[in-house]
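Asks: What follows is a structure written as structure tokens; I'll ask about it next.
Residue numbers (the numbering used here), protein chains in the order written: chain A, 1 to 366; chain B, 1 to 366; chain C, 1 to 366; chain D, 1 to 366.
Shown next as structure tokens:
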């Protein structure tokens, strides 16, 4: 399968940046889950471009659900989300049809689709396709919330400015919920905005790091090999455009630690096993241990920059130069954050359904 | 599926640390590929414990192929590898049967398998199960090599000592091939050995980072969403016990870069598109670009340490302390290296078969 | 996965009989395949109700492709088909909301979806959902035709009237192409129509048998175990609503034969191996032998009949009676025929892509 | 995946008729299920050749479990079954190495594996490979039995002699349990044996039909499209060598019925919905209705016959004749019966785990 992820709960996405519609089909979610269209809209708004630090392309991103919801609740059958593309500038794509933009998928698309790909605005590779993930993810997040499972992502780093790490995870997630620019330390917002605008000024862009936490997730979910919780989550997270690294708990920091520092000791807390530290990010042997699941994603700087770049002409194979025009984001990390929440929610719904059955997420099966 | 990975070329693994046998079934590999049992044995020896810096448990690790090979070549049907466990100390496991070792999967196994898991030596969670991956991986590596695709992994970091990064990748891979302690800068071997022995002296352990490179891999393989090459590789790589982070190309370093620094510009080199830098690690939009695929895995320090640790009694739920005895590795990163090569080879064989068909890896289909 | 079928080429379907839209996403088809909207429309028309022998519900069934096609050709990325429901009578469903119609999925839907299913017109279980299969199947059929692979299905039996078996398969398929009521012996059309109308007169319905043949399919496709060509085809064919049996070649007739009668002897014909008979239906050991693939599907009589039936009230569990009103088909076999062609084409495209790679169906890779 | 079936509970099989070992890995079964090696042995004995009506090849078929069972119970991790091949006659295969036996997979194997397949005794295509299915199936059957789900298969037809259909299914299954030659009407045994021996006398073979019933299976399991219970069962059942047709309930008989005859009316029986008839075979809309699941498999006559047959030389492509020697079964239907039970049990365990979670089959989760 190519544009489908999940086994018991699965999402299939479709669309191109400048095609007629984008969207997705979410299949396998339990019947009876309330679908809150306002919440979907509010999640979609977190993905939208905001002010100066994003692309001037404006899309209403109105999500229409055309199947799988009846009387405001999931039916248990495929939920289809469609979103019409509106602000697609009808213009001559000119050299973008054959010059490979560095950092973009133009060249690899050419090698895979032999020139038949829809190149307009990145086509199917566009970050715009994440709108279908966010719409589906909103339903998944609601379902998880109803079971006491919360997910939150903040911008840990952007253009060299770092936010604080998660502290009291439950409170931090509450703080992040609905926040347009998701940082834990409020002072980061202005400082990050500043570096984004400075990059924009230079016709350039900046990258960052997202940190996600999940609390309330039960222990005993995941597999020891291959379908480890880390493996399944990372598999999906690398679909967030621009993500080039995923690490759990202490992540790459483990290289500097000794076992005696890295091991999380257990203790009994009110009849439940907890760990003193959470260097493992809530996952041991591929299986959840009941502590918060914590991971980070590295997000590369937007490849669309306004500086002249060396590249090749894909028709002739010859060297050439390219000067990108058009509407682009000087940073994507703040918009990718709701995509991280959404991907996480979808993967966890699938894992829970596989472990506890397809009805577990239904409202009356708590 | 749980202990199976891959779609067209798939590996299923089985076994427990102290069970009768461990091994795996490799299915879907093209017919006619020569199977070199000496190469399998040499790959297995790279996984074995070596000298002072590894566990004193010694296993012959003789791999027996009981199906799927006929007249020295693959038949196209499942190849089954079995390895008998020999050096399993028949003793009283005592408190290890019910005390959760910090950093290990004992507690999560209990939550998943409700006490029926084979707890001896970590059971199915043991790093020993990677022997089946290495045996199957050896066949996959041979098949790839015959097509001009080479894979190499080195210990980029161990206990604070860092090797140099890959330079001339093809030459570096040749240098690493068959090297028992895989570093690019020879001087690292002694320095890393020293920190491992120092940790051992303290009853402690150290972590590290593995860096893997693949060269000769064709452009145009992978998918734009979900089954991105990064996603599929990371999914499998997180099965290597102790891996807590995976990053491609510049990885987490992208957070510090601007787009103009991170973008890899294209140029024509002898009629083929190449990039000036390889910050993307050979993957753009989830699809290979024909440049070397480069990634790094963070490996946590071995959780089996000899210091007293706080934990819980899983039968009673009460707090207790634990003093691990037995035979353990003060570092695992050098032994995990051949597992990284093997996992990579298996994933790439699957991707190539999906892309170009099940006969592509056969000897006469170059 | 639930509403998705296929591995390399996969279809996901969605929708409910009286929802806003129905349709599907076809993913994984090679880039560059011409998409002929007229052919799609003509295939859709074969699925539509015709004259007296079908439901009076009339749907335009205009298929809109909203992704995956660019400049008239497949892009290689997901192709999304949407069809708006129009002729949905806005009325009180009354007792159909809680009385289980015998032969329908009302009761089993209740057991699976706990009352949250969309019950209107059968909801997601409606035969109407096959429209998405036929739209996607039309693209798959075109792709196969371009490679010299042809598929045809005829009504072998309907209400006791039997058509002749396939004879010269290539010619017979040509004859069937585009035929609104697909029989090989022209005289069957009137006789079958008669029995259908007689059943309608009685407020009753009739069943039948479809026979499908594929010619031009290469030898060597399929797997010896589990993913046998028979297994994969039957898996998908049982999704055609009302299909209760699938048999290949001589099928259930093999029970009456001796090996010497059933074995298909080989001979050389113009340098190619052919068999004298085709009792195996073109499949031996789960793998195609290059002869026509032939199979039959048993189609049960439409369960919606106008006679009073015994059933239960799903709210109270009590016995009750039911008198179905509304618009229904006295036979479905003639409309199911194009669905059989479509399902077959989709499965075979997937098998070919798995065997020969994702580009095999592309126009320039013959 | 090729030699793997199942999603949550999955079986992977391996081996060749004359290789070192055959067997399988059963993954995903709940932890804590008692494994009765005597029951496995008794199931294996039902698959063995018996007396005059089977091949004289005798195999001990001792099943050794080398992983996944600890203290007599499943651990929840992969259960590996190995069976050594013993009675493999070391001889010159002569013309069988290159002459395609009619009705066998020799030719299709050649087209798929290009001559590298292990041709000895049918290699991986041999019915002998079902031993791994039966071993794994025995564990699955035990697990289902403990939950009140029973499975039984009888020889409905063999060489023209027909057994009675299932009547009181629960009692009939009890009667069949452990019966070496599984017929419901005792008088059939001798009559069927007679026709088998008559065919043997003629150097020929006979086919038959197996009928399987499952009782105690809960309502609400299966999917409306693609993963219908019929689709998933048939997918697996066509892996039983020689099966060429699968039908559920009334099966192909539906073609002769009217809706009013075929519909199964519901009624309340002790607070539970039951149907008056079971023409749907316990499955409506792809989902179980709580009534017995009933289906039939057509089994072709053994293709190994001793009469001279026309065929081709696969090396030269030329016409030739073939006179099969060696040890063969004049009928396979009686030996295939336990394979049908096993396949059914494995599929149903998977379906139950997908629907109700991976712990549902565990002993303490009733």
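C-beta: ideal position from N, C-alpha, C; glycine also.
Between residue 301 of chain D and residue 279 of chain C, how many whole angstroms is the CB-CB distance? I'm expecting something under 8 Å.
Replies: That pair is no contact at about 10 Å.
Asks: When the cut-off is 8 Å and only beta carbons count, does residue 59 of chain C lie next to chain A?
Replies: no
Asks: If you drop the 5 nearest sequence neighbours on each side, which residues of the same chain put their C-beta closer than 7 Å to that of residue 354 of chain B?
Replies: 7 and 8
Asks: Give a yes or no on whether 8 Å exceeds the smallest Cβ distance from residue 302 of chain A to chain F.
Replies: The chain inventory of the structure shown lacks chain F, comprising the protein chains A, B, C and D.
Asks: Along chain D, which residues have their Cβ under 8 Å away from the Cβ of residue 234 of chain C?
Replies: 231, 234, 235, 238 and 246
Asks: Please confirm if residue 86 of chain D has its CB atom under 8 Å from at least one CB of chain B.
Replies: It does not: the Cβ of residue 86 of chain D has no partner Cβ on chain B nearer than 8 Å.
Asks: What are the partner residues of residue 269 of chain C, as DSSP defines its beta bridges?
Replies: C:272
Asks: Name the chain A residues that come within less than 9 Å of residue 7 of chain D, Cβ to Cβ?
Replies: Contact note: residue 7 of chain D reaches chain A through 7, 8 and 354, using a C-beta cutoff of 9 Å and chain order.
Asks: Compute the distance between the beta-carbons of residue 240 of chain A and residue 135 of chain A, then report whether it is under 8 Å.
Replies: no
Asks: Given residue 166 of chain D, which residues of its chain have a CB within under 6 Å of its CB, disregarding the five upstream and five downstream residues?
Replies: Cβ neighbours of residue 166 of chain D beyond the five flanking positions: 172 and 213.
Asks: Specify, as a first and last residue, the run of the alpha helix (DSSP H) that residue 111 of chain D falls within.
Replies: 106 to 113
Asks: Taking C-beta to C-beta, are residue 286 of chain D and residue 231 of chain D nearer than 8 Å?
Replies: Against a cut-off of 8 Å, the Cβ pair of residue 231 of chain D and residue 286 of chain D comes out as a contact.
Asks: Using a C-beta cutoff of 8 Å, does residue 200 of chain D count as contacting chain C?
Replies: no
Asks: Flag this pair as touching only if the region 293 to 312 of chain C and the region 207 to 225 of chain C have three or more C-beta atom pairs under 8 Å; answer yes or no.
Replies: yes
Asks: Is there a Cβ from chain B that is less than 8 Å from the Cβ of residue 366 of chain D?
Replies: Its pLDDT being 43, under 50, residue 366 of chain D is placed unreliably in this model, and the coordinates cannot settle the point.
Asks: State the Cα-Cα distance for the pair residue 17 of chain A and residue 119 of chain A, rounded to the nearest angstrom.
Replies: 9 Å
Asks: So, residue 67 of chain B versus residue 5 of chain D, is the Cβ gap smaller than 8 Å?
Replies: Not a contact, by the Cβ cut-off of 8 Å.
Asks: Thinking residue 267 of chain D and residue 155 of chain D are a contact (beta carbons under 8 Å), I'd like their distance in whole angstroms, please.
Replies: Going by Cβ atoms, the distance from residue 267 of chain D to residue 155 of chain D rounds to 33 Å, so no, they are not a contact pair.
Asks: Starting from the Cα of residue 11 of chain A, find the closest Cα among A:28, A:22 and A:304 and give me that residue.
Replies: A:28
Asks: Can you give the Cα-Cα distance for residue 269 of chain A and residue 284 of chain A, rounded to whole angstroms?
Replies: 19 Å
Asks: Could you tell me which uninterrupted beta strand (DSSP E) segments, each at least 3 residues in length, are contained entirely in the region 57 to 92 of chain C, listed from first to last along the chain?
Replies: 64 to 67 and 79 to 84
Asks: Where does residue 259 of chain C fall in DSSP's three states?
Replies: DSSP places residue 259 of chain C in helix when its eight states are reduced to three.
Asks: Rounded to whole angstroms, what's the CA-CA distance from residue 243 of chain B to residue 251 of chain B? Just pull it up for me.
Replies: 15 Å
Asks: With distances taken between CB atoms, is the gap from residue 170 of chain A to residue 36 of chain A smaller than 8 Å?
Replies: Taking a C-beta distance under 8 Å as the contact criterion, residue 170 of chain A and residue 36 of chain A do not qualify as a contact pair.
Asks: So residue 133 of chain D is in the alpha helix (DSSP H); what residue range does that whole segment cover?
Replies: 130 to 146 is the extent of the alpha helix (DSSP H) around residue 133 of chain D.
Asks: Give me, in chain order, the residues of the same chain whose beta-carbon lies closer than 8 Å to that of residue 55 of chain A; leave out the 5 immediate sequence neighbours on both sides.
Replies: 49, 327, 328 and 329
Asks: Does the distance from the CB of residue 147 of chain C to the CB of residue 311 of chain C come in under 8 Å?
Replies: no
Asks: Could you compute how far the alpha carbon of residue 20 of chain D sits from the alpha carbon of residue 80 of chain D?
Replies: 16 Å
Asks: Can you name, in chain order, every residue of its own chain whose Cβ lies under 8 Å from the Cβ of residue 104 of chain C, other than the five neighbours on each side?
Replies: 122, 125, 303 and 304
Asks: Please decide whether residue 357 of chain A counts as near chain D, where near means a Cβ-Cβ distance under 8 Å.
Replies: yes
Asks: Between which two residues does the beta strand (DSSP E) carrying residue 12 of chain C extend?
Replies: 10 to 15
Asks: So does residue 68 of chain D have its beta carbon nearer than 7 Å to some heavy atom of the ligand ATP?
Replies: Inclusion of the ligand ATP in the displayed structure is not the case, the ligand content being empty and no account of it being possible.
Asks: Quick one: what's got a C-beta closer than 8 Å to residue 200 of chain A's C-beta in the same chain, skipping five residues either side?
Replies: 52, 53 and 330
Asks: Taking C-beta to C-beta, are residue 288 of chain D and residue 217 of chain D nearer than 8 Å?
Replies: yes
Asks: Once DSSP output is grouped into helix, strand and coil, what is the label at residue 343 of chain A?
Replies: helix
Asks: Can you tell me which of A:43, A:295 and A:34 puts its alpha carbon nearest to the alpha carbon of residue 72 of chain A?
Replies: That would be A:34, whose Cα lies nearest to the Cα of residue 72 of chain A.
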